[in-house]
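In what follows, a single structure is set out as structure tokens and then discussed.
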Amino acid sequence: IEGRIAELEAAISLAEVIDTSAMAGDTVRFGAWVVLADE
Numbered sequence: 004i005e006g007r008i009a010e011l012e013a014a015i016s017l018a019e020v021i022d023t024s025a026m027a028g029d030t031v032r033f034g035a036w037v038v039l040a041d042e
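Take the sequence shown: its letters are residues 4 to 42, numbered as in my numbering.
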């Protein structure tokens with residue numbers, strides 16, 4: 004269990020908060036809302 008806790012702590016320490024309001028309109032990233040158009 005201690006090993007798994009250390010593994011999760013390491014993963015969380017590498018996480019980055021993504022500000023979706025500052026994203027360019029031509030890039031799709033995790034957490035972005037996307038609208039598909041059927042052309």
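Cβ atoms here follow ideal geometry from the backbone N, Cα and C, with glycine treated the same way.
Source: prediction; values computed, not measured.
- Task: Would you tell me roughly how many angstroms separate the C-alpha atoms of A9 and F33, rounded to the nearest one?
- Result: C-alpha separation (whole angstroms): 25 Å.
- Query: Less than 8 Å separating the beta-carbons of V31 and V38?
  - Reply: Taking 8 Å as the Cβ cut-off, V31 and V38 do not qualify as a contacting pair.
- Measure the C-alpha to C-alpha separation of L11 and D29 and round it to an integer number of angstroms. Cα to Cα, L11 sits roughly 32 Å from D29.
- Item | Secondary structure of A40, DSSP reduced to three states | Three-state DSSP puts A40 in coil, outside helix and strand.
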